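What follows is a short report on a single structure.
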Amino acid sequence: MELIQDTSRLPLEYMKGVPLIKYFAEALGPLQSFQAQPDDLLISTYPKSGTTWVSQILDMIYQGGDLEKCNRAPIYIRVPFLEANDPGDPSGMEILKDTPAPRLIKSHLPLALLPQTLLDQKVKVVYVARNPKDVAVSYYHFHRMEKTHPEPGTWDSFLEKFMAGEVSYGSWYQHVQEWWELSHTHPVLYLFYEDMKENPKREIRKILEFVGRSLPEETVDLMVQHTSFKEMKKNPMANYTTIPQELMDHSISPFMRKGGCRPAWGFGAGGSSGWSLPIGTRGLPWDETPALLPAFLLQE
Numbered sequence: 001m002e003l004i005q006d007t008s009r010l011p012l013e014y015m016k017g018v019p020l021i022k023y024f025a026e027a028l029g030p031l032q033s034f035q036a037q038p039d040d041l042l043i044s045t046y047p048k049s050g051t052t053w054v055s056q057i058l059d060m061i062y063q064g065g066d067l068e069k070c071n072r073a074p075i076y077i078r079v080p081f082l083e084a085n086d087p088g089d090p091s092g093m094e095i096l097k098d099t100p101a102p103r104l105i106k107s108h109l110p111l112a113l114l115p116q117t118l119l120d121q122k123v124k125v126v127y128v129a130r131n132p133k134d135v136a137v138s139y140y141h142f143h144r145m146e147k148t149h150p151e152p153g154t155w156d157s158f159l160e161k162f163m164a165g166e167v168s169y170g171s172w173y174q175h176v177q178e179w180w181e182l183s184h185t186h187p188v189l190y191l192f193y194e195d196m197k198e199n200p201k202r203e204i205r206k207i208l209e210f211v212g213r214s215l216p217e218e219t220v221d222l223m224v225q226h227t228s229f230k231e232m233k234k235n236p237m238a239n240y241t242t243i244p245q246e247l248m249d250h251s252i253s254p255f256m257r258k259g260g261c262r263p264a265w266g267f268g269a270g271g272s273s274g275w276s277l278p279i280g281t282r283g284l285p286w287d288e289t290p291a292l293l294p295a296f297l298l299q300e
C-alpha cells in the first residue's frame, strides 16, 4: 500500500446532481465497464447505516460461519466497495477482479449512479435504512476522521448540509425512498438498522432465507455474537484500523464509534422498527429542525 502524503480534503463534485467526494466521482467512468454476475449480491445503504455490520453478517453466511475464514482479510477486501477509489489503495473495481464468485459487493451509490448491469442482471440487494438522526451524528464524526471528505465544520453547519442533501451521496430521504420503491420490482431485502439492533437473530434469519442458505442454530448464535458491535469494534478485520492514518484518523474518532440507535421517532406508525418511511405521502419534516436533530445528540 502506497503512503498517502495529502488527501487535501477536496470539495465535493456533482455527478448527475449527486455530490460525491472527488476520488469516488473519478471512479464512475471506469465503473461503466463493470460487469455484474448473476450470483453477485449487492449490499446497499446510505452511509453510516450499518453497512459494515451487514457486510460482516453476509460474509460469515457465505463462509458457513467459519470464523477463521471471516478473518482472512479486512472487510473492505472480503466485501469490495464498488466505487472506492482512494489514493494509494486498490480501487473497488480492482479488488472485484480478484474476488471469486459468488461476490459480495458494497455500495452507497444512489440509483442514478449505480451501474445498470446490476439491475439488468437482477442482482439481489440487501438494503439497510437507519434513523436519519443517528445517521447524521455518525456521518458528522466520520467526516472528522476520514480525510478524503471535506471538513465538516461545526455540527450546526454540517447538519444544514445533511438536511439539504449537500453531503457525499446526497439526500438521505431520496436514497431510502428510491431503494424502497425499487424493492417492489427488484429482488431487494429491505432491512431496518433498528430491527437489527432489537433482534439480530431474527434479521439474520431473514437474510439467510433471502440468499437461499441455511445454517445450524448454533452457527446462527455464533454469528449473532461475532457480529455484535462490541466484537466488531475490537476486530481489526472489521473496524477499519488497517486503513492508513493518512486516510482514517482513529485518534480523532473511531470508525466504529457507538453503534447505537434511538427508539420510535415519530414519522408514522411503522413495524417493529418503530418507524416507517413516509413513502408516497410527504418528505421528512426538515422545516421542523433544529428540534429534529439538536446539538446535544452529539454528546449522547
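Following the UniProt record's numbering, the numbering of the sequence shown begins with 1 at its first residue and continues without gaps.
Here a beta-carbon is modelled for each residue, glycine too, at the ideal position from N, C-alpha and C.
Source: prediction; values computed, not measured.
Below 8 Å CB to CB, which residues in the same chain sit around residue i once its five sequence neighbours on both sides are set aside?
i: Val54; result: Ile43, Thr45, Val126, Val128, Leu191, Met196, Ile207
i: Pro110; result: Val18, Tyr169, Gly170, Gln174, His175, Glu178
i: Leu58; result: Leu41, Ile43, Val79, Leu104, Val126, Ile207, Val211
i: Arg9; result: Lys147, Thr148, His149, Pro150, Glu151
i: Glu203; result: Leu191, Asp195, Met196
i: Gln299; result: Because the pLDDT of Gln299 is 41, which lies under 50, any placement of that residue in the model is unreliable, and the number read from its coordinates should be weighed accordingly. Same-chain partners within the cutoff: there are none.
i: Pro102; result: Gln37, Asp39, Asp40, Leu41, Tyr62
Roughly how many angstroms separate the alpha carbons of residue i and residue j, rounded to a whole number?
i: Asp40; j: Val167; result: 29 Å
i: His141; j: Pro150; result: 12 Å
i: Lys48; j: Arg130; result: 8 Å
i: Asn85; j: His184; result: 32 Å
i: Asp21; j: Met15; result: Looking at the sequence provided, one finds Ile at residue 21 rather than Asp. When rounded, the distance between both Cα atoms is 10 Å.
i: Gly165; j: Tyr62; result: 35 Å
i: Ser214; j: Leu222; result: 14 Å
i: Gly50; j: Leu82; result: 17 Å
i: Trp155; j: Tyr139; result: 11 Å
i: Leu118; j: His186; result: 11 Å
i: Asp89; j: Pro100; result: 20 Å
i: Asp120; j: Ala112; result: 14 Å
i: Ile95; j: Asp134; result: 30 Å
i: residue 302; j: Phe34; result: Here the chain covers residues 1 to 300 and nothing more, so residue 302 does not appear.
i: Lys234; j: Ala73; result: 15 Å
i: Glu209; j: Pro11; result: 42 Å
i: Glu13; j: Lys69; result: 38 Å
Starting from residue i, follow the alpha helix (DSSP H) in both directions and report where the run begins and ends.
i: Glu94; result: 92 to 97
i: Thr51; result: 51 to 62
i: Pro132; result: 132 to 145
i: Phe34; result: Element bounds for Phe34: n/a, residue is neither H nor E.
i: His226; result: 217 to 226
i: Arg213; result: Unbroken run through Arg213: none, as it is neither H nor E.
i: Lys48; result: No alpha helix (DSSP H) holds Lys48; DSSP gives it neither H nor E.
i: Leu67; result: 67 to 70
i: Glu151; result: Unbroken run through Glu151: none, as it is neither H nor E.
With distance defined between alpha-carbon atoms, name the residue in the options nearest to residue i.
i: Gly92; options: Pro100, Pro102, Ala101, Lys106; result: Lys106
i: Thr219; options: Lys230, Arg205, Met232; result: Arg205
i: Ser137; options: Val123, Met163, Lys122; result: Note that residue 137 corresponds to Val in the displayed sequence, not to Ser. With distances taken between Cα atoms, Val137 lies closest to Met163.
i: Gln32; options: Thr52, Gly64, Gln116, Asn71; result: Gln116
i: Glu231; options: Tyr62, Gln121, Pro11, Asn71; result: Asn71
i: Pro87; options: Tyr193, Glu217, Lys234, Tyr23; result: Tyr23
i: Tyr193; options: Pro11, Gly64, Phe229; result: Phe229
i: Pro216; options: Gly65, Leu114, Ile77; result: Gly65
i: Gly29; options: Thr52, Leu114, Ile77; result: Leu114
Might you give, ordered along the chain, the residues of its own chain that have their beta carbon closer than 7 Å to the beta carbon of residue i, omitting 5 neighbours on each side?
i: Asp98; result: none
i: His226; result: Met60, Leu67
i: Gln56; result: Ile75, Thr227, Met232, Ala238
i: Val188; result: Val125, Tyr127, Trp179, Leu182
i: Lys161; result: Val167
Between which two residues does the beta strand (DSSP E) carrying residue i extend?
i: Tyr169; result: Element bounds for Tyr169: n/a, residue is neither H nor E.
i: Val123; result: Looking at the DSSP string, Val123 is not in any beta strand (DSSP E), and its letter there is neither H nor E.
i: Leu189; result: 188 to 192
i: Glu13; result: 13 to 15
i: Pro19; result: 18 to 20
Grab me the residues of residue i's own chain with a C-beta within less than 6 Å of its C-beta, minus the 5 sequence neighbours each way, in chain order.
i: Pro132; result: Trp172
i: Val123; result: Ala36, Asp40, Leu42
i: residue 355; result: In the structure displayed, the chain extends from 1 to 300; residue 355 sits before or after that span and is not available.
Are any of the Cβ atoms in chain D nearer than 8 Å to that of residue i?
i: Ile61; result: Of the chains in the structure shown, none is chain D; there is only one protein chain.
Name the DSSP beta bridge partners of residue i, please?
i: Ile43; result: Lys106, Val126
i: Phe158; result: Paired residue(s): none; Phe158 is not in a bridge.
i: Phe81; result: Lys106
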